[in-house]
Structure formats: C-alpha cells, structure tokens
Amino acid sequence: VAVGYGAMRARSLDGASWVDYQEVQAGGGDDPNLIRGVGFADGRFVGVGNSIWYTDDGVAWKTGSVVASNGGTMQPGFLSDVVHANGRWVAAGGNGLRAYSDDGRTFRLVDAYYSGHYRGIAAGKGQFVAVGHTYGAMPNLGLRAVSSDGEAWTIEPAAGPGFARVAFGNGRFVVVGNMGRCEGSADGMKWELIDLGTTTNLAEVRFVDGNFVVRSGNGMAAWTSSDGLSFTP
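Adding 28 to a residue's 1-based position in the sequence shown gives its number in our numbering.
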C-alpha cells in the first residue's frame, strides 16, 4: 500500500502494477488529508500523517482519531511514521508528537509538544525507537526517543546532523541522516557511528530480505549490509 498527499492511496501485489487508486484532493498539500507513512500488522494497514487512516483490505479506508490524555481530541502536530510491535501501534512525528493505539483506529497522545520533528520509527527487542531532528534554540541536531510501551519515553538530543529514518533487523537498529550520518545500536540506547564513506544526505534505511538497505537523498547512491555493522556500496 502506498500513501501520500491529498489522502492518496493505492495498492499493489507486486510493486509494479497498482490498483484502487483513491484521493480526497488532487495534488493536496500540508493539510489534514496528507498521509505521510503507513504500517501493516495483524491484517490491518494504518496510515498516519495530519490525520489517521486505516483499512483491512487496502480498498475501503476509514478515518481514525488522536485523543488527548484528558479525553478531548487534539492534533498539535503531524505523525510521520507508524510501527506495530507487542500488540501495539506506536507513531511519532512533528513537534514531538508521539501516540499509541491498541487497535490502529484511535491513537492516544502521550506528549503534546517537543521542539523537534520525528521522521521515522522502528521496533525491536521490546523497544520502540523514534528518530528525527531538533529545531528552535538548538536546530537540526539529531534526535532520538526510546520507549518500551509507546507511553513513557526517554528523549535524547544527539549532537551532530539530524536523522531521517531508522530500521530494525538481525538484532540491530540502524539510523541514517544528513551529511552521511549513520549509526547502529543493539539495544536502541547505546549507539556507535558507522562510516559509509560519504557526506551526502541519507534519506532512507530499510531491512528487507535479511539485509539493511540505505539510500541517499538524491537517489544516486545506496549501501547494503546483512549485520548492520559493515556496509557495502
């Protein structure tokens, strides 16, 4: 399933041929119809962004909600990415927004504001790890937050360029970001630098078929690794 601006949604069985294309607004923008990320677990796709969307078949979509701790509804920022582990959906996004859900429909807000944007989230070894960058008084520093349940978080600004994405596989987390920044961790708490031999911005890391794949922001370079320690261009 792919998602995007204007609540665009489509599905594919092979990644080449796409069907059931839907959108609420042609083109769209940074408005309530923007879906920034999508996850899948237990037969349900969940899309997050400036609102919540979910579907059990990739065709019929419904809108969900974010509920504040006082029972009211609020959306102080946006959600960038969502992941499922240990029976729980956890999402993170702009202005420090983090939220969790047990059904993928109603997300409960746990922190209303932090001067940073989370751009990606991953789960492994009983931990959720959200990454991004700070803004404001100390702009564009790396930012990490770790939680075991999606409710209580340890937040850590990490000196150096901001992060873009994080992935988990083969027992390790790998995070990438601006100016070639790449780090790995076995527990989501202690991190080691990984030298990819580049200073270009890194936009994506995924764990697919037993390998980490890192892609540069300009799409002109990529690296792979089976252990999350040694990467090959």
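Note that beta-carbon positions come from the ideal geometry of N, C-alpha and C, so glycine has one too.
_Pull the bridge partners of I63 from the DSSP assignment, please._
As a position in the sequence shown, residue 63 is number 35, starting the count at 1. G77, per the DSSP bridge assignment.
*Find the nearest neighbour of Q50 within the set G148, W81, D42 and A96, judged by alpha-carbon distance.*
Against the sequence shown, residue 50 aligns to sequence position 22. Among G148, W81, D42 and A96, the Cα nearest to that of Q50 belongs to W81.
*Per DSSP, which one or two residues make a beta bridge with V242?*
Counting from one through the sequence shown, the residue named residue 242 turns up at place 214. Per DSSP, V233 and W251.
*Could you tell me whether the Cβ atoms of A186 and R209 are closer together than 7 angstroms?*
Here residue 186 refers to the residue found at position 158 of the sequence shown. Here residue 209 refers to the residue found at position 181 of the sequence shown. Taking the C-beta atoms as reference points, R209 is found no nearer than 7 angstroms to A186.
*For D109, is the classification buried or exposed, using 16 other Cβ atoms within 10 angstroms of its Cβ as the cut-off for buried?*
To locate residue 109, count along the sequence shown from 1; it is residue 81. That one is buried.
*Exposed or buried, G122, counting other C-beta atoms within 10 Å across all chains shown (16 or more means buried)?*
By one-based count along the sequence shown, residue 122 stands at place 94. Within a 10 Å sphere around the beta-carbon of G122 sit 16 or more other beta-carbons, which makes this residue buried.
*asked:* Counting C-beta neighbours from all protein chains within 10 Å, is the total for N61 16 or more, i.e. buried, or is it exposed?
replied: As a position in the sequence shown, residue 61 is number 33, starting the count at 1. Looking at its Cβ environment, which holds 16 or more other Cβ atoms inside 10 Å, N61 is buried.
*Return the chain-ordered list of same chain residues with a C-beta closer than 7 angstroms to the C-beta of S176, the five sequence neighbours on each side being excluded.*
By 1-based counting over the sequence shown, the position of residue 176 is 148. So the qualifying residues of the chain are G154 and Q155.
*If A231 sits next to A195, beta carbons under 8 angstroms apart, how far is it from one beta carbon to the other, in whole angstroms?*
Translated into the one-based positions of the sequence shown, residue 231 becomes position 203. Translated into the one-based positions of the sequence shown, residue 195 becomes position 167. Contact between A231 and A195 does not hold, since their C-beta atoms are separated by about 13 angstroms, which reaches or exceeds 8 angstroms.
*If you draw a straight line from the alpha carbon of G71 to that of G132, how long is it in whole angstroms?*
Within the sequence shown, numbered from 1, the residue matching residue 71 stands at position 43. Within the sequence shown, numbered from 1, the residue matching residue 132 stands at position 104. G71 and G132: Cα-Cα distance of roughly 11 angstroms.
*Secondary structure of A35, DSSP reduced to three states*: Reading the sequence shown from its first residue, position 7 is the one you call residue 35. Looking at A35 - three-state DSSP - the assignment turns out to be helix.
*Taking buried to mean at least 16 other C-beta atoms within 10 Å of its own C-beta, is E211 buried or exposed?*
In the sequence shown, residue 211 corresponds to position 183, counting from 1. Looking at its Cβ environment, which holds 16 or more other Cβ atoms inside 10 Å, E211 is buried.
*DSSP three-state call for G208: helix, strand or coil?*
Residue mapping note: residue 208 aligns to position 180 of the sequence shown, counting from 1. Three-state result, G208: helix.
*Do G75 and V138 have their C-beta atoms within less than 7 angstroms of each other?*
To locate residue 75, count along the sequence shown from 1; it is residue 47. To locate residue 138, count along the sequence shown from 1; it is residue 110. No, they are not a contact pair.
*Inspect the beta-carbon positions of V118 and G178 and report whether they are closer than 7 angstroms.*
By one-based count along the sequence shown, residue 118 stands at place 90. By one-based count along the sequence shown, residue 178 stands at place 150. Taking C-beta atoms as the reference points, V118 and G178 count as a pair closer than 7 angstroms.
*Can you tell me which of Y141, Y142, L125 and G144 puts its alpha carbon nearest to the alpha carbon of F135?*
In the sequence shown, residue 135 corresponds to position 107, counting from 1. Put simply, of Y141, Y142, L125 and G144 the residue whose alpha carbon is nearest the alpha carbon of F135 is L125.
*Beta-carbon spacing of S253, T228 below 7 angstroms*: Residue mapping note: residue 253 aligns to position 225 of the sequence shown, counting from 1. Residue mapping note: residue 228 aligns to position 200 of the sequence shown, counting from 1. Against a cut-off of 7 angstroms, the Cβ pair of T228 and S253 comes out as no contact.
_I'd like the list of long-range same chain contacts for A69, defined as Cβ closer than 7 angstroms, with 5 residues on each side in sequence excluded._
Taking the sequence shown and counting its residues from 1, the one referred to as residue 69 is at position 41. Counting only Cβ-Cβ distances below 7 angstroms, and skipping sequence neighbours, we find H112.
*S213, buried or exposed, once every other Cβ within 10 Å from all chains shown has been counted against 16*: Translated into the one-based positions of the sequence shown, residue 213 becomes position 185. The residue is buried, with at least 16 neighbouring Cβ atoms inside 10 Å.
*Looking at the structure shown, is G122 part of a helix, part of a strand, or coil, going by DSSP?*
Walking along the sequence shown from the start, residue 122 turns up at place 94. Three-state result, G122: helix.
*Specify the secondary structure class of S129 as computed by DSSP and reduced to three states.*
Counting from one through the sequence shown, the residue named residue 129 turns up at place 101. Of the three classes helix, strand and coil, the one that applies to S129 here is strand, per DSSP.
*Consult DSSP for G55 and reduce its assignment to one of helix, strand or coil.*
The count along the sequence shown starts at 1 and reaches residue 55 at position 27. Per DSSP, reduced to three states, the secondary structure at G55 is coil, with no helix or strand assignment.
*Which residue comes first and which comes last in the beta strand (DSSP E) that contains V194?*
Within the sequence shown, the letter at position 166 stands for residue 194. Note, V194: beta strand (DSSP E), F191 to G197.
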